[in-house]
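> FYI, in this note's numbering the residues of the sequence shown are 35 to 108.
Here it is, the structure, as structure tokens.
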Amino acid sequence: MPIQSKYSNQQIETLVNILLETLRQQNATTELSLMCLGNTISHIIKTNVPAAQQAEVTKHFSQALQDAVNSKAH
């Protein structure tokens with residue numbers, strides 16, 4: 035059964051498009067884009083997730099990223 039998000043597809047698509055457009059405007063390479071997004075994710079986890087839960091959140095995020103990359107449907 036698919037996981038139901040509390041966020042609409044429109045909300046997600048809007049934010050993703052803003053992030054991608056910002057990277058495009060800065061002519062960010064793939065490597066720089068990944069570094070910046072990784073630093074952003076680290077910052078969000080460190081500043082918004084209690085220390086006791088950070089490892090678990092990171093583990094789940096990593097698995098979700100791996101699943102998304104390995105997904106046949108794009």
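Where a beta carbon is used, it is the ideal one built from N, C-alpha and C, also for glycine.
Is residue 91 helix, strand or coil when you go by DSSP?
Here the question's residue 91 lines up with position 57 in the sequence shown. Residue 91 falls in the helix class under three-state DSSP.
> If we call anything under 8 Å between Cβ atoms a contact, is residue 91 one with residue 75?
Locating residue 91 in the sequence shown gives position 57, where the first residue counts as 1. Locating residue 75 in the sequence shown gives position 41, where the first residue counts as 1. No, these two residues do not count as a Cβ contact at 8 Å.
> Quick one: Cα of residue 38 to Cα of residue 44, how far?
Translated into positions along the sequence shown, residue 38 becomes position 4. Translated into positions along the sequence shown, residue 44 becomes position 10. Between residue 38 and residue 44, the C-alpha separation is close to 14 Å.
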